[in-house]
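Here's the structure, in structure tokens; my notes come after.
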Amino acid sequence: MAYMYAFIDESGDHNFNLVTSDNQYSVFVLGGVFIRHADYAEIDKEFKAFKKDFFGGEDFIIHTDELGHPTNPKSDPRNGIMRVPQKRAEFYGWANDFVERSNISCVFSVILKTPFYHKYKYRADPYRLSFENILNRVLYYSSSNTIGIYPECRNPELDRQLEAEYGKFCVQGTAFHSAKDVQKRIKKFECKNKKENISGLQIADLVVNPVGRHFLGYKPKPVGNEIIYEAVRKKLAGSEKLSISVLP
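Numbering-wise, our numbering puts 1165 at position 134 of the sequence shown, and it's gapless, one number per residue.
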């Protein structure tokens, strides 16, 4: 029985308030990236080497929002290199290639917030709503492997809520997996801070936004300006229909 890591990150506002939400990006995507323990060291080594070469240090933390807003005073100043078209194209050329050839697998839960809200008038945290979808797919596609699940931290209260939600599944099971299976298969569940500079979480950060843009029907950006959906689609754990839950 092998051991796998599942890194979880989100894209989009985690609320259903259509007034305060970003109406230009009215979607919430929760993504899970699986990496086998046997493969992680090699993936981590290349990821860090690229950051050192391109951004000037392994300590640089790749964050999609900061890459897209390099002049934001809250961003790491080293994101400024993304303002140069040739360097931006170099980054995304590498990132698309890296995603496609790395031994990773992905699953996603997508909530199209406006139609979902109008259909169900549901105002709960879309992260928690999506989490069971991700957990079911993590358990299904990891076969009989044992798993360590590492969601990225949001804030202490939301992290406590997520840990309680996970605890509920350990006691009650999910819609498709028994409590015994959840307890047996998942050996570690721990929210991790972005500042810990974990390569797996940064990879998860890179792949969720292309999924959100795709399901909103956005046109692709000019070549060299984004990670393309097709690169992510090739890394789905199974078929598109089964690897991606889309609500409503």
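Where is the CB? At the ideal position from N, CA and C, for every residue including glycine. Quick caveat, the model's predicted, so the values are computed rather than measured.
Neighbourhood of residue i by C-beta, 8 Å cutoff - its chain only, sequence neighbours within 5 removed
i     : result
A1210 : F1200, C1201, V1202, Q1203, G1204
L1247 : Y1056, S1057, V1058, L1143
P1116 : G1255
L1237 : I1093, T1095, A1126, V1130, I1258
CA nearest to the CA of residue i, picked from the options
i     : options                    : result
F1091 : A1033, H1100, F1139, E1227 : E1227
A1195 : F1220, D1212, F1207        : F1220
V1060 : I1135, A1072, N1046, K1152 : N1046
V1239 : A1080, K1083, P1146, I1165 : I1165
L1189 : Y1181, K1218, D1156        : D1156
L1278 : L1160, I1135, P1116, D1070 : L1160
I1308 : K1266, K1272, L1273        : For residue 1308 there is no data in the structure shown, the boundaries of the chain being 1032 and 1279.
I1121 : P1108, F1081, R1244        : Reading the sequence as shown, one finds Glu at residue 1121 and not Ile. E1121 has its Cα closest to that of F1081, out of P1108, F1081, R1244.
G1043 : Y1148, L1237, P1187, G1243 : G1243
I1217 : P1241, N1167, L1232        : N1167
R1191 : V1141, Y1158, Y1071        : Y1158
For residue j and residue i, believed in contact at Cβ under 8 Å, the rounded distance
i     : j     : result
C1184 : A1268 : About 24 Å separates the two Cβ atoms, so there is no contact after all.
K1144 : V1058 : 6 Å
F1139 : I1275 : 5 Å
I1074 : S1270 : With a Cβ gap of about 24 Å, I1074 and S1270 do not count as contacting.
K1223 : Y1197 : Not quite, the Cβ-Cβ distance comes to about 14 Å (not below 8 Å), so this is no contact.
Q1233 : I1093 : 4 Å
Y1034 : T1177 : 5 Å
Where residue i falls: helix, strand or coil (DSSP)
i     : result
T1145 : helix
C1137 : strand
A1037 : strand
F1207 : coil
P1182 : strand
I1093 : coil
S1270 : coil
S1042 : strand
S1174 : coil
F1047 : coil
Spatial neighbours of residue i in its chain, beta-carbon cut-off 7 Å, leaving aside the 5 residues before and after
i     : result
N1256 : R1119, Y1123
N1110 : E1097, L1098, P1101
K1079 : E1089, S1230
Proximal residues to residue i (C-beta, below 6 Å), its chain only, five neighbours per side dropped
i     : result
A1235 : F1038, D1040, G1062, V1064
Residue-level contact to chain B via CB, residue i, 9 Å cutoff
i     : result
P1251 : The displayed structure is made up of one protein chain only, and chain B is not part of it.
inquiry  = Using a Cβ distance threshold of 8 Å, determine whether the stretch 1169 to 1186 contacts the stretch 1077 to 1087, with at least three qualifying pairs required.
reply    = no
inquiry  = If contact is defined by three or more beta carbon pairs under 8 Å, each pair taking one atom from either stretch, is the stretch 1036 to 1046 in contact with the stretch 1059 to 1077?
reply    = yes
ask   = How about the stretch 1126 to 1140 and the stretch 1259 to 1275: do they share at least three Cβ pairs that are nearer than 8 Å?
value = yes
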